[in-house]
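Remarks on the structure that follows.
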Amino acid sequence: MTTKAKLIAFTIDCAEPKKLAAFYHEVTGLDIQYSEDEYAAVGDGTTNIYFGRVPDREPVRWPSPGKQFHLDFRVPDVERAAEEYVKLGATKPEFQPGVTDGKVGWIVLQDPEGHLFCVCPEKS
Numbered sequence: 001m002t003t004k005a006k007l008i009a010f011t012i013d014c015a016e017p018k019k020l021a022a023f024y025h026e027v028t029g030l031d032i033q034y035s036e037d038e039y040a041a042v043g044d045g046t047t048n049i050y051f052g053r054v055p056d057r058e059p060v061r062w063p064s065p066g067k068q069f070h071l072d073f074r075v076p077d078v079e080r081a082a083e084e085y086v087k088l089g090a091t092k093p094e095f096q097p098g099v100t101d102g103k104v105g106w107i108v109l110q111d112p113e114g115h116l117f118c119v120c121p122e123k124s
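Residue numbers for the sequence shown follow UniProt numbering, beginning at 1 and rising by one.
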């Protein structure tokens, strides 16, 4: 039997960990647990996102096969949340696979350093 591992965090490479932790604190409400130039973290003791400084990291273009991951977040109002996150520094790429015939299923955004994340509706 294989030893089962428990995920404690997801670490994101970025140029400015403190700035990205502050952004995701606003988006998620997770507490800023640590904030330094080289490393920062948000979390609630169960869900944690860490940010490690990689100064020469280049964001991927969207859409592209270079995308390695994205985060998904549930919100009560997808369009309103996306507008709020853009005001916080996110960008909204033109390509939106979650919008069909004007109906919004989910919205793809890029955080201030270009990492992709989706704003998804709450389960019905």
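We treat Cβ as the ideally placed atom computed from N, Cα and C, and that holds for glycine.
Taking P17 as the centre and dropping the five residues before and after it, the same chain places the C-beta of Y39, A40, F51 and R53 closer than 6 Å to its C-beta, in chain order. Runs of the beta strand (DSSP E) lying entirely within the stretch 19 to 62, each at least 3 residues long, are 31 to 35, 39 to 43 and 48 to 53 in chain order.
Pairing P112 with A82 gives a Cβ-Cβ distance that is not under 8 Å. Here P121 has V78 as same chain residues with Cβ atoms under 6 Å from its own Cβ, once five neighbours each way along the sequence are excluded.
For L109, there is no enclosing alpha helix (DSSP H); the enclosing beta strand (DSSP E) covers residues I107 to Q110. Here F69 is actually not in contact with V119; their C-beta atoms are around 16 Å apart, not less than 8 Å.
Distance from the Cα of V104 is smallest, within the candidate group K6, V75 and L7, for V75. For A22, the number of other beta carbons within 10 angstroms of its own is at least 16, and it is reported as buried.
Separation of the CB atoms of P65 and A15 is rounded to 23 Å, and the pair is thereby denied contact status at 8 Å. Buried is the label assigned to L30, since at least 16 other Cβ atoms lie within 10 Å of its Cβ.
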